[in-house]
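Residue numbers (the numbering used here), protein chains in the order written: chain A, 106 to 221; chain B, 49 to 162.
The beta-carbon is built from N, C-alpha and C at its ideal position, and this holds for glycine as well.
Note that this is a predicted model, so its numbers are computed, not measured.
Working notes, structure below.
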């Protein structure tokens, strides 16, 4: 069965610090997709990024970067120079043929608090 | 374009009652999924519909049911409500029913069962 583990329940940093959110996944699929979502207090899940299993290139988007390592089944998310507006719950998620379609398996989430 | 819209935003029900939650997907999106998010946990998959057909069902009792209408909007119904059904119910839409399709979520319906 698919599983996503986010070991960090809560992280608190001071503004401008770098922070890395960890994500480890399990799947029997050979082709699968990994996602990160942000959930601000309003409740809406905001899509941040999608990576497929055959593309291990790291990706950078502004202050956000993602490190995908198939060898360790990890898909970590780093925020550089964090800002108060980054405070939210962040979810890592997985989809693939094992569950079929666009169905996502989510981790438990990491609550990030960025203090001024 | 409007995002995924859900109604109502908040709902308070009593144990044993029935509830209907509604969702309108983004225009052009044919797939709608429902997720339950209990406080402090990640969303759990309930149902997925594509082109009005059920494509997947999560590990939820038969008290939960859903349907998708010809305009691709969807309803989630929960019968015989239990205290444990209190949660944020999220609807998500996507263009296709494929594993690489990002889901776009609504703001959710906060259901409280007393």
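(message) By the 9 angstroms beta-carbon criterion, what residues does the segment 133-146 of chain B contribute toward chain A?
(response) 136, 138, 140, 142, 144, 145 and 146
(message) According to DSSP, is residue 132(B) part of a helix, a strand, or is it coil?
(response) Residue 132(B) sits in a helix when the DSSP states are folded into three classes.
(message) Which runs of the beta strand (DSSP E) at least 3 residues long sit entirely within the segment 54-98 of chain B? Give them in chain order.
(response) 58-61, 67-72, 79-85 and 92-98
(request) Output yes or no for whether 8 angstroms exceeds the beta carbon distance between residue 150(A) and residue 95(B). (result) Not closer than 8 angstroms, so no.
(message) When you compare the CB positions of residue 162(A) and residue 120(A), do they come within less than 8 angstroms of one another, or not?
(response) no
(message) Any C-beta of chain A within less than 9 angstroms: which residues of the segment 90-113 of chain B qualify?
(response) 90, 91, 92, 93, 96, 98, 103, 104 and 106
(request) Would you please verify whether the beta carbon of residue 157(A) is less than 8 angstroms from any beta carbon of chain B? (result) yes
(request) Measure the C-alpha to C-alpha separation of residue 59(B) and residue 158(B) and round it to an integer number of angstroms. (result) 6 angstroms
(request) Please determine if the segment 184-202 of chain A and the segment 121-141 of chain A are in contact, where contact requires at least 3 C-beta pairs separated by less than 8 angstroms. (result) yes
(request) Helix, strand or coil for residue 177(A), going by three-state DSSP, please let me know. (result) Here residue 177(A) sits in helix by DSSP.
(message) Checking 8 angstroms against the spacing of the C-beta atoms, do residue 92(B) and residue 106(B) come in under that value?
(response) yes
(request) Determine the direct distance from the alpha carbon of residue 101(B) to that of residue 164(A), and round the result to whole angstroms. (result) Approximately 36 angstroms, taken between the alpha carbons.
(request) Report the rounded CA-to-CA distance for residue 111(B) versus residue 125(B), giving the unit in angstroms. (result) 8 angstroms
(message) Quick check: the segment 123-135 of chain A against the segment 106-115 of chain A, are at least 3 beta-carbon pairs closer than 8 angstroms?
(response) yes
(request) Would you please verify whether the beta carbon of residue 154(B) is less than 8 angstroms from any beta carbon of chain A? (result) yes
(request) Assign residue 86(B) to one of two classes, buried (16 or more other C-beta atoms within 10 Å of its C-beta) or exposed (fewer than that). (result) exposed
(request) Counting only the same chain and skipping the five closest in sequence on each side, list residues whose C-beta sits under 6 angstroms from that of residue 99(B). (result) 78
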